[in-house]
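Residue numbers (the numbering used here), protein chains in the order written: chain L, 1 to 432; chain U, 433 to 568.
We put the CB at the ideal spot given by N, CA and C, even for glycine.
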């Protein structure tokens, strides 16, 4: 099912013409209206005329999270305040949040992208959408909300929290679609279980999960526990919010809406462009957004691109599920460790819950990696040696995947904090 | 004939930290469940609390309701004379001679004077019972 068949299945040559025309216009616009871009272009000896082909995109300077901070709150905006109708902000882990601005046309574009997203997942006007993404400054809640309304589905603006009430309403209102973070989906499944409710017996058919990295194993678990099709959504507020890319039921990567968002993957260290299939940092340029357009934004998300046409018929480039972030990469004893790698190991060890905590500490001069894993009833034994063997198995698996030794600490079920937003997976106690 | 029976033991996972044993005992006390025999096996990170309870099913439910990980295992209850060598003669030696490996042993607490009883965990509970029941 397509929302916008023309653009979603456009032949590549035609799509590239459209992209170039839009890129050229946007580059001219930011050059004229945003001092930050004019200066950045001039420093590289570039002007709007420098963009003659799509390949010239690679010559343009990057925009980073730091540039948003340096221009806080709205120094990167390209329109007068009177044209701005909405502001959102993303949680800044350090210092000030990142503020983004939308014009009326941007809100419409966002709704359109989210309508594509939902339609791609099979959502129609007959559906009831249980939206447990947070409403507020975070773009997740309102993004889904506007898209669902544009599609004509009934949307329940649940937001996060009060999980028992969520389970009740989900059943009573006959929700067919659920949208939340993947860790919250599992938390809801656990809560339902405690309440004696089997979510597989509910009307739920499909789930759209994102806003944090999650593994294929976690998808399998969500699909089994909720009895639904679980699809991955991608977006970030600096670009527009959710609705930058969406996975279709082929489960073959996420389609980037590249008639509006140009995607590149670069080496996170050198900034050099990487070919299809090579993992690196996703860089996105918005070529139609008005309020706060960005050129070559470094997303810090790790993925790879694929240009072959998908079996669903869309010609839009696909990105792999994001497997980590350049900034939550931990370096432990010189080895790059992504929390997602540890998660996939745990999901392969039978009976281990996918809730874990990575604790990194430094004893004397050596990094100490400790993984806290919850013991489920299936693997619990009255014999010490059986539990110790479980710990050793996890440790051996981690060593074979990461090449480093970790201590595995078995902890009581539900003792690792469940987050209703983005799950906290890492505690780094090293004082360097 | 030694008095031997098969019992259900309740085991609970407990992290090695302040308050975790208290949570186990509180859950049982709240439902007025008595502990007839108790042993705690501990490692540096976690422990396993093994118990024979006055009501196994109710106890298991109380522990799970308290959010604890608990399970049941079949073990033997062996009555012994409370004399030097009692445990050796009534349980350990016969099992060893029959080639049955003892995982762990602990004692019942509520026995009358001069009597004792032990909880014995072996792999093959049925066979162990036959071996011990045949002991005079």
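- Each of 337/L, 322/L, 237/L, 318/L was checked against the Cα of residue 110/L, and the nearest Cα belongs to 237/L.
- Under the three-pair Cβ rule at 8 angstroms, the segment 490–501 of chain U does not count as touching the segment 536–554 of chain U.
- In the structure shown, residue 412/L adopts coil according to DSSP, grouped into three states.
- Partner residues in the beta bridge of residue 90/L, as assigned by DSSP, are 98/L.
- With respect to the C-alpha of residue 107/L, the residue from 317/L, 242/L, 125/L having the closest C-alpha is 242/L.
- Within 10 angstroms of the beta-carbon of residue 458/U lie fewer than 16 other beta-carbons, which makes it exposed.
- Buried is the label assigned to residue 522/U, since at least 16 other Cβ atoms lie within 10 Å of its Cβ.
- Comparing alpha carbon positions, the residue from 320/L, 153/L, 187/L, 162/L closest to residue 174/L is 153/L.
- Boundaries cannot be given for residue 239/L, as no alpha helix (DSSP H) includes it and DSSP labels it neither H nor E.
- Looking only at 467/U, 446/U, 538/U, the smallest Cα-Cα distance to residue 510/U is reached by 538/U.
- Around residue 491/U, no beta-carbon contact reaches into chain L at under 7 angstroms, the shortest distance being about 14 angstroms.
- For residue 473/U, the three-state secondary structure derived from DSSP is strand.
- In the DSSP assignment, residue 372/L forms a beta bridge with 357/L, 409/L.
- In the DSSP assignment, residue 404/L falls outside any beta strand (DSSP E) and carries neither an H nor an E.
- Inclusion of residue 405/L and residue 397/L in the CB contact set at 8 angstroms is not warranted, their separation being larger than that value.
- Excluding its 5 nearest sequence neighbours in each direction, residue 566/U has no C-beta neighbour in its own chain below 7 angstroms.
- Contact with chain L is absent for residue 509/U, since none of that chain's Cβ atoms lies less than 8 angstroms from the residue's Cβ.
- In this chain, the alpha helix (DSSP H) harbouring residue 146/L covers 139–151.
- Closest in C-alpha terms to residue 317/L, from the list 4/L, 2/L, 5/L, 12/L, comes 12/L.
- Here residue 321/L is buried. Its C-beta has 16 or more other C-beta atoms within 10 Å.
- Neighbours of residue 363/L in chain U, taken as residues at a C-beta separation under 9 angstroms, are lacking, since the least C-beta distance is about 15 angstroms.
- In chain L, no part has a C-beta under 9 angstroms from the C-beta of residue 540/U; the shortest such distance is about 17 angstroms.
- Secondary structure of residue 41/L (DSSP, three-state): helix.
- At a beta-carbon threshold of 9 angstroms, none of the residues of chain U lie near residue 359/L; the nearest stands roughly 13 angstroms away.
- The C-beta of residue 235/L has 16 or more other C-beta atoms within 10 Å across all chains shown, which makes the residue buried.
- Residue environment analysis places residue 77/L among the buried positions, since at least 16 neighbouring C-beta atoms fall within 10 angstroms of its C-beta.
- Against chain U, a Cβ distance below 8 angstroms from residue 382/L picks out 441, 443, 480, 482, 503, 505, 553.
- Shown here, residue 493/U sits in a helix according to DSSP, grouped into three states.
- For residue 148/L and residue 86/L, the gap between their C-alpha atoms comes out near 19 angstroms.
- Of all C-beta pairs linking the segment 45–65 of chain L to the segment 19–35 of chain L, three or more are shorter than 8 angstroms, placing the two stretches in contact.
- Counting along the chain, the unbroken alpha helix (DSSP H) around residue 7/L starts and ends at 5–8.
- Listed along chain U, the residues sitting closer than 8 angstroms to residue 414/L by beta-carbon distance are 499.
- Within the segment 131–217 of chain L, the alpha helix (DSSP H) runs of at least 4 residues that lie entirely inside it are, in chain order, 139–151, 163–172, 182–194.
- Excluding five sequence positions before and after residue 248/L, the CB atoms of its chain that fall closer than 8 angstroms to its own CB belong to 120, 121, 231, 255, 310, 312, 314, given in chain order.
- In this structure, residue 372/L keeps its C-beta atom at 8 angstroms or more from the C-beta atom of residue 424/L.
- Counting only residues of its own chain and dropping the five nearest sequence neighbours on each side, residue 100/L has a CB closer than 6 angstroms to the CB of 88, 237, 292.
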